[in-house]
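Here is the structure we will look at.
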Amino acid sequence: MEGKVRDNKNIETFEESMVVALAGNPNAGKTTLFNALTGLRQKVANYPGVTVERVEGFWKSKSDDVQPRVIDLPGLYSLDATSTDELIARNVLRGQMTGFPRPDVVVVVADASNLERNLYLVTQLTEFDVPVVVALTMLDLAASHGLVIDSGKLQDLMGIPVVPVNVKRKIGLNELREAVLNARSAATAQASTEPRESESIHLSLSDNEGANARIFQRYAFIADVYQQAVSSNDTSDAPAFSEKLDSILTHRFFGLLILVMILLVVFQAIFSWATLPMDLLDAGFGSLGAFVSDALPEGIITDLIVDGVIAGVGGILIFLPQILLLFLFISVLEDSGYMARAAFLLDKLMSRFGLHGKAFLPLMSSFACAIPGIMATRTIENKRDRLATILIAPFMSCSARLPVYALMIAAFFSGKTVLGFVSLGAVLMLAMYALGIGVAIVAGFVFKKTILKSPPPPFVMELPPYRLPNIRTVFQNMLSRSWLFVKRAGTIILLISIVLWGLMYFPRSDSPASSDQDKTASAQLENSYAGALGKTIEPVIKPLGFDWKVGVAIVASFAAREVLVSTLSIIYNVGEDGDEESPTLIKAIRDAKKTDGNPVWTPLSALSLMVFFVLAMQCMSTLAIVRRETNSWGWVAFMFGYMTVLAYAASFLTYQGGKLLGFG
Amino acid sequence: MSESNEQTLADVPAGRSAIVKKVRGGGSVSKRLMEMGIVPGIKIRVVKAAPFGDPIELRVRGYSLALRISEAESVNVSGVMEE
């Protein structure tokens, strides 16, 4: 993006309209102000080539017809481009973002209760030769800390408009608009004669001493302004509330205990509260399929819609309740200020494995689904740290693996106990989660020592004051992130489902219509391309304890893991409504015999399958997201390769080792 | 560290304050620290250490900032005092 010029088309398109960029430190109230200015009609997309979210809207007003286009820049502490967010913001401000006009005015949101550090970004922005207007927020919070801020004096000393704003009480919004419009007309009057770009800032970047000296100068200027414009009638500098709360929440013992309890609640919600809506969705897609197949004439198109589109897309959409709940919790924890504390508590532990404290949240999210987890790695500034986290996130046992574990446990390990009272099923379930975590830790450690070697990344992180989460911000966050999941996962899953359906549907076997529909379906599968594929790979998967039928199911489950269960149902003649609780499927798996009369499945081969599913990269949507987030097919191929090789090796060791020890 | 005889932010016990003398090193870490307001002359209070001893929480310019011990070691301080 660096160095690119705007093409002519963009200049024409945007010449008449006015563009306002909204900048500000994280937690300064930028999102709240943006929502107040633009209302509900917002557009969320990504900046070209990177996955920094780009939110924009139009700033309408009853008083005039001007509708400035407002771009909400990522939260920033500075513009020196050490993180992707800062690089994006800097490029937008300099008009170097492809497809973006240079902003006419920058509104910088400054938190009055944390004024000195917030003014740092303001001073930096004023060096960019774009008109700057300061929106001063959180004045009531500053007042409660005993700070009295003279915004008029601040305006005079800074030499730019400063408008006190309170969104909740609707104070200052009209004044802000007026200041922005004025700033623009003043700038256009001046612009024709002067060159716009000032090169001084990035020239000094190459020279560290010079850069640090500039930072020092800016803070010296700020300290001077602060002293004149702010008076304090309180000598303590701590917002008592947050520090008191932290005496428990980041306490060396209670802090960790509370963190564990919060995690338990989140997991409880994802795995049990979400069950009801998930079952409803599942049943809903089931009856939709039944309705469509009744309503449409029999034939290939109906089969495609019912077995390909509805079953495939439904299979991924039933996870939506879990995704929504997870994002609800994450948004609340983020907006309240707790998430930074979680990273603070766990950084030491995580850094032992070469991970950043901020990797905690993405990895936790991945227990629900690796897609939101990988999307959440965006908060990690260092590229290599971020990649390491992305590469190990899919080892966390996601909800799509649950049906597979559940089926295998129900078929071969139910009713058995360890030590006389602990259910073997529960132990195995826990062991699968532990295996994933263990492998993730080792893999992360290895990556950070080898291909992703880098000096330990800085951990310079603000612990923002606690506050009540803003309901609107939380819901908007939850919905926009979930929508991205639906959109991305939905498109790729749809495509794969159709392909998979085709592989199982063609070529049509011309066997005479049998009275037993399930048997016909089974014969069809055996003769289909998918069946041929299963037989081709049989020699490869035999050492793992699987035959060609399991091979078909495994190949199919590379699209999405939970597909294994429905594919096995088709293969074993139990019809397509087989699910992991279905006694017929369980019975069919237990009773399946090889040609020599021995059972196809043994507890050992079931365990081998579970181990394979813990480690293998069987999720098209995840690979698609990794492609988007890393912007590279190379990392996608690497991830798929190393995970699948690991899965094969572990499954091989499980099966062959087990046989040597006399099991199975 | 070559200047280990100097007192650094990492040496300041929890609950005490100190004045920043110098932010050492020329990398992105020192720049980030300075951008966040840790510049010579400013007073910093060390609030506490995280459960495993690292990172530490600071109070500077009226807000809370967390950094690792290794980063705190690049900040030279003087005049450690009781709050």
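Chain order of the listed sequences is A and B.
This note's numbering numbers the first residue of the first sequence as 9 and each following residue consecutively.
This note's numbering numbers the first residue of the second sequence as 47 and each following residue consecutively.
Built from N, CA and C at the ideal position, the CB exists for glycine as well.
**Message:** If I measure Cβ to Cβ from Phe42(A) and keep anything under 6 Å in the same chain, skipping five residues before and after, which residues do I get?
**Reply:** Leu30 and Asp80
**Terminal residues of the beta strand (DSSP E) in which Val171(A) lies** = From DSSP, the beta strand (DSSP E) with Val171(A) extends over Val170 to Pro172.
**Request:** Go ahead and label Ile308(A) buried or exposed: buried means 16 or more other beta carbons lie within 10 angstroms of its beta carbon, across all protein chains shown.
**Result:** So Ile308(A) ends up on the exposed side.
**Request:** Check whether the Cβ atoms of Leu369(A) and Met486(A) sit closer than 7 Å, and answer yes or no.
**Result:** no
**Buried or exposed (CB count within 10 angstroms, at least 16 for buried), Ile318(A)** = buried
**Message:** Taking DSSP's pairing of strands, which residues face Cys627(A) in a bridge?
**Reply:** Ala568(A)
**Request:** Could you check what DSSP says for Val46(A) in three-state terms: helix, strand or coil?
**Result:** The amino acid at residue 46(A) is misidentified as Val; the sequence shows Thr. The answer is helix: DSSP assigns Thr46(A) an H, G or I state.
**Asked** Taking the C-alpha atoms as reference points, what is the distance between Ala451(A) and Ala118(B)?
**Response** 29 Å
**Asked** How should Ser505(A) be labelled, buried or exposed, when 16 other C-beta atoms within 10 angstroms of its C-beta is the threshold for buried?
**Response** With 16 or more Cβ atoms within 10 Å of its Cβ, Ser505(A) is classed as buried.
**Item:** Run of the alpha helix (DSSP H) containing Ser25(A), from where it starts to where it stops
**Value:** Careful: Ser25(A) lies outside any alpha helix (DSSP H) and carries neither H nor E.
**Prompt:** Looking at Asn220(A) and Met82(B), is the spacing between their C-beta atoms short of 7 Å?
**Reply:** no
**Request:** Out of Ser574(A), Tyr663(A), Lys595(A) and Met625(A), point me to the one whose CA is closest to Leu617(A)'s CA.
**Result:** Tyr663(A)
**Request:** Any chance you could list the alpha helix (DSSP H) runs of at least 4 consecutive residues sitting entirely within the stretch 244-311 of chain A, in chain order?
**Result:** 248-257, 262-276, 283-303 and 308-311
**Request:** Just mark Arg598(A) as buried or exposed, buried being the case when its beta carbon has 16 or more other beta carbons within 10 Å.
**Result:** exposed
**Request:** Kindly list the residues whose CB is nearer than 8 Å to the CB of Trp281(A), restricted to its own chain and excluding five residues on each side of it in sequence; keep chain order.
**Result:** Leu333
**Asked** Are the stretch 103-116 of chain A and the stretch 144-152 of chain A touching by the rule of at least three beta carbon pairs closer than 8 Å?
**Response** No: the two stretches stay apart, fewer than three of their Cβ pairs being nearer than 8 Å.
**Asked** Between which two residues does the beta strand (DSSP E) harbouring Glu103(B) extend?
**Response** It spans Ile102 to Val106 - the beta strand (DSSP E) in which Glu103(B) sits, taken as one unbroken run.
**Asked** In chain A, which residues lie less than 8 Å from Gly83(B) when you measure between Cβ atoms?
**Response** Near Gly83(B) (Cβ distances below 8 Å), the residues of chain A are Glu124, Arg125, Tyr128 and Tyr227.
**Prompt:** What distance in whole Å lies between the Cβ atoms of Asn33(A) and Tyr85(A), which are believed to be in contact at a cut-off of 8 Å?
**Reply:** 6 Å
**Message:** Rounding to the nearest angstrom, what Cα-Cα distance links Ser490(A) and Leu328(A) in this structure?
**Reply:** Approximately 8 Å, taken between the alpha carbons.
**Request:** Report yes if the C-beta distance between Ser250(A) and Pro473(A) is below 7 Å; otherwise report no.
**Result:** yes
**Prompt:** Is the number of C-beta pairs between the stretch 405-423 of chain A and the stretch 561-570 of chain A that are closer than 8 Å three or more?
**Reply:** Because the criterion of three Cβ pairs below 8 Å is met, the stretch 405-423 of chain A and the stretch 561-570 of chain A touch.
**Message:** Using C-beta distances below 6 Å, list every residue in its chain close to Lys602(A), excluding the 5 sequence neighbours before and after it, in chain order.
**Reply:** Val608
**Request:** Could you name the residues of chain B that Gly452(A) contacts, counting a contact when the two beta carbons are closer than 8 Å?
**Result:** Neighbours of Gly452(A) on chain B: none; closest Cβ ~18 Å, over 8 Å.
**Request:** Would you identify the three-state DSSP class for Ser63(B), choosing helix, strand or coil?
**Result:** strand
**Request:** Could you tell me whether the Cβ atoms of Leu623(A) and Ala655(A) are closer together than 7 Å?
**Result:** yes
**Request:** Indicate whether Gly263(A) and Leu353(A) have their beta-carbon atoms separated by less than 7 Å.
**Result:** yes
**Delimiting residues of the beta strand (DSSP E) encompassing Glu128(B)** = Val121 to Glu128
**Asked** If you draw a straight line from the C-alpha of Phe620(A) to the C-alpha of Arg349(A), how long is it?
**Response** For Phe620(A) and Arg349(A), the distance between alpha carbons rounds to 35 Å.
**Message:** Only counting the same chain, and skipping five residues up and downstream in sequence, which positions put a Cβ closer than 7 Å to that of Arg475(A)?
**Reply:** Ser344 and Gly345
**Prompt:** Between which two residues does the beta strand (DSSP E) containing Ser239(A) stretch?
**Reply:** Val238 to Ser240
**Item:** Nearest neighbour of Thr387(A), chosen from Pro82(A), Ser565(A), Val634(A) and Met512(A) [CA to CA]
**Value:** Selection Pro82(A), Ser565(A), Val634(A) and Met512(A) evaluated against Thr387(A) yields Pro82(A) as nearest (Cα-Cα).
**Request:** Please determine, among Thr39(A), Val27(A) and Val28(A), the residue with the shortest C-alpha to C-alpha distance to Phe483(A).
**Result:** Thr39(A)
**Message:** I'd like to know whether the C-beta of Val75(B) is nearer than 7 Å to at least one C-beta of chain A.
**Reply:** yes
**Request:** Report the rounded CA-to-CA distance for Gly665(A) versus Ile379(A), giving the unit in angstroms.
**Result:** For the pair Gly665(A) and Ile379(A), the Cα-to-Cα distance works out to about 34 Å.
**Asked** Which residues in chain B sit within 9 Å of Gly32(A), going by Cβ to Cβ distance?
**Response** Result: empty, since nearest Cβ-Cβ is about 14 Å, beyond 9 Å.
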